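Just so we're aligned: 105 in our numbering is position 87 of the sequence shown, and the numbers increase by one with no gaps anywhere.
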Amino acid sequence: MPLWHPSPNFGPRRDGLTPHLIVLHYTAMQSARAALERLCDPTAEVSAHYLIGRDGRIWQLVDEDQRAWHAGAGEWAGRDDVNSRSIGIELDNSGDHPFSEPQMAALEDLLPGVMARHGVLPEGVIGHSDMAPGRKCDPGPRFDWARLARGGLARAGTAAPVAAPDWPAFRDLARRAGFSAAVCDADLLSAIRWRLRPGARGDLCAADMAALAGFAAHCH
(Lines of atoms letter the chains of each structure in order from A and count residues from 1; the text may use other names and numbers.)
(Lines give C-alpha, C1' and ligand atoms only; values in the text may rest on other atoms or scores of the structure.)
Protein backbone atom coordinates (compact mmCIF):
# COMPACT_ATOMS: atom_id res chain seq x y z
CA MET A 1 0.00 0.00 0.00
CA PRO A 2 1.52 3.36 -0.99
CA LEU A 3 2.33 5.82 1.76
CA TRP A 4 0.37 9.05 1.33
CA HIS A 5 2.76 12.02 1.19
CA PRO A 6 0.86 14.87 -0.48
CA SER A 7 2.58 17.33 -2.79
CA PRO A 8 1.13 20.80 -3.40
CA ASN A 9 2.32 20.64 -7.00
CA PHE A 10 -0.70 19.57 -9.04
CA GLY A 11 -3.80 20.90 -10.75
CA PRO A 12 -6.86 19.71 -12.65
CA ARG A 13 -6.45 17.75 -15.84
CA ARG A 14 -7.14 20.04 -18.80
CA ASP A 15 -9.83 19.91 -21.48
CA GLY A 16 -11.56 16.93 -19.92
CA LEU A 17 -8.57 14.68 -20.61
CA THR A 18 -8.12 11.44 -18.68
CA PRO A 19 -5.04 9.22 -18.31
CA HIS A 20 -4.24 6.71 -21.03
CA LEU A 21 -0.47 6.79 -20.48
CA ILE A 22 1.90 5.98 -17.64
CA VAL A 23 5.24 7.78 -17.82
CA LEU A 24 8.24 6.28 -16.03
CA HIS A 25 11.09 8.47 -14.78
CA TYR A 26 14.23 8.26 -12.72
CA THR A 27 14.80 10.93 -10.10
CA ALA A 28 18.50 11.65 -10.84
CA MET A 29 18.93 12.41 -7.14
CA GLN A 30 21.00 10.80 -4.39
CA SER A 31 18.15 9.41 -2.29
CA ALA A 32 14.40 8.89 -2.19
CA ARG A 33 14.19 11.37 0.69
CA ALA A 34 15.85 14.08 -1.39
CA ALA A 35 13.52 13.31 -4.30
CA LEU A 36 10.48 13.37 -2.01
CA GLU A 37 11.46 16.79 -0.70
CA ARG A 38 11.90 18.19 -4.20
CA LEU A 39 8.65 16.68 -5.51
CA CYS A 40 6.82 18.35 -2.61
CA ASP A 41 8.61 21.71 -2.79
CA PRO A 42 6.22 24.35 -4.16
CA THR A 43 9.13 26.39 -5.53
CA ALA A 44 10.34 23.43 -7.63
CA GLU A 45 6.99 23.15 -9.47
CA VAL A 46 7.54 19.45 -10.17
CA SER A 47 5.71 16.37 -8.91
CA ALA A 48 4.59 12.88 -9.79
CA HIS A 49 1.74 10.65 -8.73
CA TYR A 50 4.09 8.04 -7.25
CA LEU A 51 7.69 7.70 -6.09
CA ILE A 52 9.25 4.26 -5.63
CA GLY A 53 12.35 3.96 -3.44
CA ARG A 54 15.25 1.61 -4.01
CA ASP A 55 14.01 -0.47 -1.07
CA GLY A 56 10.59 -0.90 -2.70
CA ARG A 57 8.68 1.64 -0.62
CA ILE A 58 6.02 3.51 -2.58
CA TRP A 59 4.81 7.02 -1.82
CA GLN A 60 1.75 8.56 -3.44
CA LEU A 61 2.10 12.31 -3.84
CA VAL A 62 -0.84 13.28 -6.07
CA ASP A 63 -4.30 11.76 -6.52
CA GLU A 64 -4.59 9.91 -9.81
CA ASP A 65 -7.49 12.08 -10.93
CA GLN A 66 -5.29 15.19 -10.70
CA ARG A 67 -2.65 16.48 -13.11
CA ALA A 68 0.86 16.04 -11.68
CA TRP A 69 3.76 18.03 -13.13
CA HIS A 70 6.19 15.37 -14.30
CA ALA A 71 6.28 15.18 -18.09
CA GLY A 72 6.81 18.73 -19.34
CA ALA A 73 7.15 19.59 -23.01
CA GLY A 74 6.89 16.77 -25.51
CA GLU A 75 4.35 14.46 -27.07
CA TRP A 76 3.50 10.84 -27.69
CA ALA A 77 1.62 9.47 -30.67
CA GLY A 78 0.96 13.01 -31.86
CA ARG A 79 -0.66 14.20 -28.62
CA ASP A 80 0.81 16.87 -26.37
CA ASP A 81 0.00 17.94 -22.78
CA VAL A 82 1.19 14.54 -21.61
CA ASN A 83 0.68 15.62 -17.98
CA SER A 84 -3.08 15.73 -18.55
CA ARG A 85 -3.00 12.36 -20.31
CA SER A 86 -0.84 10.39 -17.89
CA ILE A 87 0.10 9.02 -14.51
CA GLY A 88 3.71 9.79 -13.55
CA ILE A 89 5.90 7.35 -11.63
CA GLU A 90 9.34 8.38 -10.37
CA LEU A 91 11.95 5.73 -9.57
CA ASP A 92 14.72 6.54 -7.08
CA ASN A 93 17.75 6.10 -9.31
CA SER A 94 20.60 8.41 -10.26
CA GLY A 95 20.67 7.12 -13.84
CA ASP A 96 24.04 5.41 -13.70
CA HIS A 97 23.24 2.10 -12.00
CA PRO A 98 20.72 -0.74 -12.36
CA PHE A 99 17.28 -0.47 -10.78
CA SER A 100 17.07 -2.60 -7.63
CA GLU A 101 15.07 -5.81 -7.42
CA PRO A 102 12.78 -4.51 -4.61
CA GLN A 103 12.11 -1.39 -6.69
CA MET A 104 11.28 -3.31 -9.86
CA ALA A 105 9.07 -5.72 -7.89
CA ALA A 106 7.21 -2.76 -6.34
CA LEU A 107 6.71 -1.24 -9.78
CA GLU A 108 5.34 -4.55 -11.03
CA ASP A 109 2.92 -4.57 -8.10
CA LEU A 110 1.82 -0.96 -8.66
CA LEU A 111 1.35 -0.94 -12.43
CA PRO A 112 -1.51 -3.46 -12.86
CA GLY A 113 -3.84 -1.51 -10.58
CA VAL A 114 -3.08 1.83 -12.21
CA MET A 115 -3.48 0.31 -15.67
CA ALA A 116 -6.80 -1.31 -14.73
CA ARG A 117 -8.24 1.84 -13.14
CA HIS A 118 -7.58 3.93 -16.25
CA GLY A 119 -7.69 1.37 -19.04
CA VAL A 120 -4.02 1.91 -19.87
CA LEU A 121 -2.77 -0.67 -22.37
CA PRO A 122 0.78 -2.06 -22.21
CA GLU A 123 1.80 0.20 -25.11
CA GLY A 124 0.69 3.16 -22.99
CA VAL A 125 3.51 2.57 -20.50
CA ILE A 126 6.34 4.77 -21.77
CA GLY A 127 9.55 6.41 -20.64
CA HIS A 128 10.12 10.14 -20.22
CA SER A 129 12.68 9.99 -23.02
CA ASP A 130 10.11 8.37 -25.34
CA MET A 131 7.93 11.48 -25.27
CA ALA A 132 10.73 14.04 -24.95
CA PRO A 133 13.72 12.76 -26.98
CA GLY A 134 16.74 15.03 -26.72
CA ARG A 135 15.31 16.83 -23.69
CA LYS A 136 15.10 13.88 -21.33
CA CYS A 137 17.00 10.61 -21.03
CA ASP A 138 15.14 8.83 -18.22
CA PRO A 139 14.54 6.09 -17.27
CA GLY A 140 17.66 5.43 -19.37
CA PRO A 141 19.52 2.37 -20.69
CA ARG A 142 19.69 0.65 -17.29
CA PHE A 143 15.90 0.28 -17.04
CA ASP A 144 14.63 -3.25 -17.72
CA TRP A 145 11.86 -2.72 -20.27
CA ALA A 146 12.04 -6.36 -21.32
CA ARG A 147 11.09 -7.43 -17.80
CA LEU A 148 7.95 -5.27 -17.87
CA ALA A 149 7.07 -6.55 -21.32
CA ARG A 150 7.34 -10.18 -20.18
CA GLY A 151 4.78 -9.40 -17.50
CA GLY A 152 2.41 -7.68 -19.91
CA LEU A 153 3.16 -4.31 -18.32
CA ALA A 154 4.79 -2.65 -21.36
CA ARG A 155 4.79 -3.16 -25.09
CA ALA A 156 6.84 -6.09 -26.28
CA GLY A 157 8.97 -5.89 -29.39
CA THR A 158 10.27 -8.65 -31.60
CA ALA A 159 12.91 -7.88 -34.20
CA ALA A 160 11.52 -7.94 -37.72
CA PRO A 161 13.53 -8.41 -40.92
CA VAL A 162 13.78 -5.14 -42.81
CA ALA A 163 15.87 -3.52 -45.50
CA ALA A 164 19.15 -1.70 -45.00
CA PRO A 165 19.20 1.34 -42.67
CA ASP A 166 17.35 4.30 -44.11
CA TRP A 167 16.53 7.46 -42.18
CA PRO A 168 13.17 8.30 -43.82
CA ALA A 169 11.99 4.73 -43.26
CA PHE A 170 13.30 4.81 -39.67
CA ARG A 171 11.43 8.03 -38.95
CA ASP A 172 8.25 6.59 -40.46
CA LEU A 173 8.54 3.53 -38.21
CA ALA A 174 9.21 5.78 -35.22
CA ARG A 175 6.02 7.77 -35.84
CA ARG A 176 4.03 4.58 -36.18
CA ALA A 177 5.47 3.37 -32.88
CA GLY A 178 4.52 6.63 -31.09
CA PHE A 179 7.77 8.61 -31.22
CA SER A 180 6.20 11.68 -32.81
CA ALA A 181 8.11 14.55 -31.18
CA ALA A 182 10.00 16.78 -33.62
CA VAL A 183 13.68 16.09 -32.88
CA CYS A 184 16.94 15.62 -34.74
CA ASP A 185 18.02 12.23 -36.01
CA ALA A 186 20.64 11.70 -33.30
CA ASP A 187 18.22 12.40 -30.43
CA LEU A 188 15.55 10.17 -31.94
CA LEU A 189 18.02 7.32 -32.39
CA SER A 190 19.27 7.67 -28.81
CA ALA A 191 15.74 7.59 -27.35
CA ILE A 192 14.77 4.53 -29.36
CA ARG A 193 17.97 2.72 -28.47
CA TRP A 194 17.45 3.40 -24.76
CA ARG A 195 14.06 1.75 -25.10
CA LEU A 196 14.88 -1.10 -27.50
CA ARG A 197 18.66 -1.58 -27.80
CA PRO A 198 20.36 -0.30 -24.62
CA GLY A 199 24.09 -0.15 -25.05
CA ALA A 200 23.99 0.20 -28.85
CA ARG A 201 26.38 2.75 -30.33
CA GLY A 202 27.33 4.21 -33.69
CA ASP A 203 25.35 5.10 -36.78
CA LEU A 204 21.87 3.90 -37.63
CA CYS A 205 22.09 0.23 -38.55
CA ALA A 206 19.94 -2.67 -39.69
CA ALA A 207 19.53 -3.87 -36.08
CA ASP A 208 17.92 -0.53 -35.18
CA MET A 209 15.55 -0.83 -38.12
CA ALA A 210 14.64 -4.40 -37.17
CA ALA A 211 14.04 -3.59 -33.49
CA LEU A 212 11.87 -0.57 -34.29
CA ALA A 213 9.91 -2.41 -36.97
CA GLY A 214 9.06 -5.16 -34.51
CA PHE A 215 8.13 -2.61 -31.84
CA ALA A 216 5.89 -0.66 -34.23
CA ALA A 217 4.21 -3.89 -35.32
CA HIS A 218 2.89 -4.31 -31.78
CA CYS A 219 0.96 -1.02 -31.88
CA HIS A 220 -2.80 -1.48 -31.52
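Glycine included, C-beta positions come from ideal geometry on N, C-alpha and C.
Since the model is a prediction, treat every value here as computed from it, not as a measurement.
In this structure, the straight-line span from the alpha carbon of Trp94 to that of Asn101 is close to 11 angstroms. The beta carbon of Ala195 sits closer than 7 angstroms to those of Leu230, Phe233, Ala234 and Cys237, all from its chain and outside the five residues before and after it, given in chain order. Pro37 and Asp221 have their alpha carbons spaced roughly 36 angstroms apart. By the Cβ neighbour-count rule, Gly142 is buried, with 16 or more other Cβ atoms within 10 Å of its own. For Arg213, the closest alpha carbon among the candidates Val180, Asp190 and Cys155 is that of Cys155. Exposure of Met19 is indicated by the presence of fewer than 16 other C-beta atoms within 10 angstroms of its C-beta. Counting every other CB atom within 10 Å of its CB across the protein chains shown gives Trp22 a total below 16, marking it as exposed.
Annotation for Leu42: the continuous beta strand (DSSP E) segment containing it runs Leu39 to Tyr44. Runs of the alpha helix (DSSP H) spanning 4 or more residues and lying entirely within the region 57 to 136 occur at 119 to 136, in chain order. Around the beta carbon of Ser104, 16 or more other beta carbons sit within 10 angstroms, so the residue counts as buried.
In terms of CA proximity to His43, Ala66 leads the group Ala66, Leu166 and Ala178. Per DSSP, Phe161 lies in no beta strand (DSSP E) and is assigned neither H nor E.
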